[in-house]
Ligand SMILES: [Zn+2]
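Below you can see the structure in the form of structure tokens.
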């Protein structure tokens, strides 16, 4: 665990200058690697424990964009590469495993049961470590049955890697599951994380998600995120679980406006209808 170097500024007794002394903080470092040469705006994430330099990469699906970044960190002594983490088996998440393993033979692949070359599928709520960072596997079947989100904690830093289960202001399609499962994944499993947990999704889909969100719920948090998207192309790690509970319509199933828009009140039926509306939204 690295202690971020926060130098105490020299204080001149006569200037009256009061330094802004920040407490020493421990840090995990998360580097997003956009893999945007395809059409799906995927993210890979490099998680680094700054003390030991131990590091794992989440969903390195497109090696031509990922390997140069990894090689650069390795040759500069910035990381000890410890393996791959996958959020689910789809090719745009686990499809780079084969080529990465060619470069790093024998590396562990932690992921859902259907992920290519997986060596370990963690059970729900089990933990593993990258240096001093503790990751908890959260099973969230729906988009695929092997979908796993990973909740990472280092000191007071909290992050969750949500693959195609939770996007900023949206959720994944129900390819292998149903509305009941997505409701559980978003509104029981992920909603139970601390509100200040930063969200690192598998894709940058926020612009289109918030356009749909706005059509259903034109609230202040939704407008705020919409304005953010006008100015920013990237939203990964910028919003928290607490933010999602405010601006993500799929996490506000008991909101009267959303119930009215869907014509449903039962949470599972609201979820099913919202997903159907999003699928048909132009
Ligand atoms: Zn997927």
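Residue numbers (full-length UniProt numbering): 1 to 282.
Ideal Cβ positions, reconstructed from N, Cα and C, are used throughout, including at glycine.
Since the model is a prediction, treat every value here as computed from it, not as a measurement.
| query | When burial is assigned at 16 or more other CB atoms within 10 Å of the CB, is residue 96 buried or exposed? | reply | Taking the chain shown and counting its residues from 1, the one referred to as residue 96 is at position 96. It is buried - the Cβ of residue 96 has at least 16 other Cβ atoms within 10 Å.
| query | Under the criterion of a Cβ to heavy atom distance below 7 angstroms, does residue 164 qualify as lining ligand 1? | reply | For the purposes of this step, residue 164 is taken as residue 164 along the chain shown, with counting starting at 1. Yes, Cβ of residue 164 sits closer than 7 angstroms to a heavy atom of ligand 1.
| message | To the nearest angstrom, how far is the alpha carbon of residue 143 from that of residue 165? | response | As a first step, residue 143 is located in the chain shown; it is residue number 143 there, counting from the start. As a first step, residue 165 is located in the chain shown; it is residue number 165 there, counting from the start. Their backbone Cα atoms lie some 6 angstroms apart in a straight line.
| At least three beta-carbon pairs within less than 8 angstroms, the region 59 to 77 to the region 184 to 199 | no
| task | Report yes or no: do three or more beta-carbon pairs, one from the region 214 to 230 and one from the region 133 to 148, lie closer than 8 angstroms? | result | no
| query | By how many angstroms is the C-alpha of residue 74 removed from the C-alpha of residue 222? | reply | One-based indexing of the chain shown puts residue 222 at position 222. One-based indexing of the chain shown puts residue 74 at position 74. Whole-angstrom Cα-Cα distance: 41 angstroms.
| request: Give a single yes or no on whether residue 96 has its beta carbon closer than 7 angstroms to a heavy atom of ligand 1. | output: As a first step, residue 96 must be located in the chain shown, where it is residue number 96. Flag unset: Cβ of residue 96 not near ligand 1.
| Going by the CB atoms, is the gap between residue 133 and residue 28 shorter than 8 angstroms? | In the chain shown, residue 28 corresponds to position 28, counting from 1. In the chain shown, residue 133 corresponds to position 133, counting from 1. Closer than 8 angstroms, so yes.
| request: Ignore the nearest five residues each way along the sequence and tell me which others in residue 264's own chain have a CB closer than 7 angstroms to its CB. | output: Here the question's residue 264 lines up with position 264 in the chain shown. Counting only Cβ-Cβ distances below 7 angstroms, and skipping sequence neighbours, we find 270, 273.
| To the nearest angstrom, how far is it from the Cα of residue 91 to the Cα of residue 61? | Against the chain shown, residue 91 aligns to sequence position 91. Against the chain shown, residue 61 aligns to sequence position 61. Near 7 angstroms, if we compare the C-alpha coordinates of residue 61 and residue 91.
| Expected contact under 8 angstroms - CB spacing of residue 241 and residue 160 to nearest Å | Counting from 1 along the chain shown, the entry for residue 241 is found at position 241. Counting from 1 along the chain shown, the entry for residue 160 is found at position 160. About 7 angstroms separates the two Cβ atoms, so the contact holds.
| What did DSSP end up calling residue 27 once you bin it into helix, strand or coil? | Within the chain shown, the letter at position 27 stands for residue 27. The answer is strand: DSSP assigns residue 27 an E or B state.
| said: What does DSSP give as the partner residue(s) for residue 100 in the beta ladder? | reply: Mapped onto the chain shown, residue 100 falls at position 100. Paired residues: none, contrary to the question.
| field | Candidates 118, 155, 119, 81: closest to residue 135 by CA position | value | The residue given as residue 135 occupies position 135 in the chain shown. Closest option to residue 135, Cα to Cα, is 155.
| Cβ atoms of residue 204 and residue 45: under 8 angstroms apart, would you say? | For this step, residue 45 is matched to residue 45 along the chain shown. For this step, residue 204 is matched to residue 204 along the chain shown. Result no, Cβ atoms of residue 45 and residue 204 do not sit closer than 8 angstroms.
| said: Counting beta carbon pairs with one atom in the region 79 to 89 and one in the region 104 to 120, are three or more of them shorter than 8 angstroms? | reply: yes
| field | Own chain, CB closer than 7 angstroms to residue 63, minus 5 neighbours either side, in chain order | value | For the purposes of this step, residue 63 is taken as the residue at position 63 of the chain shown. The residues are 96, 99, 100.
| said: Could you tell me the alpha carbon to alpha carbon distance between residue 211 and residue 77, rounded to whole angstroms? | reply: Residue mapping note: residue 211 aligns to position 211 of the chain shown, counting from 1. Residue mapping note: residue 77 aligns to position 77 of the chain shown, counting from 1. Straight-line Cα distance between these residues: approximately 43 angstroms.
| said: Between which residues of its own chain and residue 206 is the CB-CB distance below 8 angstroms, once the five residues before and five after are set aside? | reply: The residue you call residue 206 lines up with position 206 of the chain shown. 167, 168, 169, 170, 225, 229, 235, listed in sequence order.
| message | According to DSSP, residue 32 sits in a beta bridge with which residue or residues? | response | The residue labelled residue 32 in the question sits at position 32 within the chain shown. DSSP, once it has assigned bridges, lists 45 as partnering residue 32.
| query | Does at least one heavy atom of ligand 1 sit under 7 angstroms from the Cβ of residue 124? | reply | As a working mapping, residue 124 is identified with position 124 in the chain shown. For ligand 1, not one heavy atom lies less than 7 angstroms from the Cβ of residue 124.
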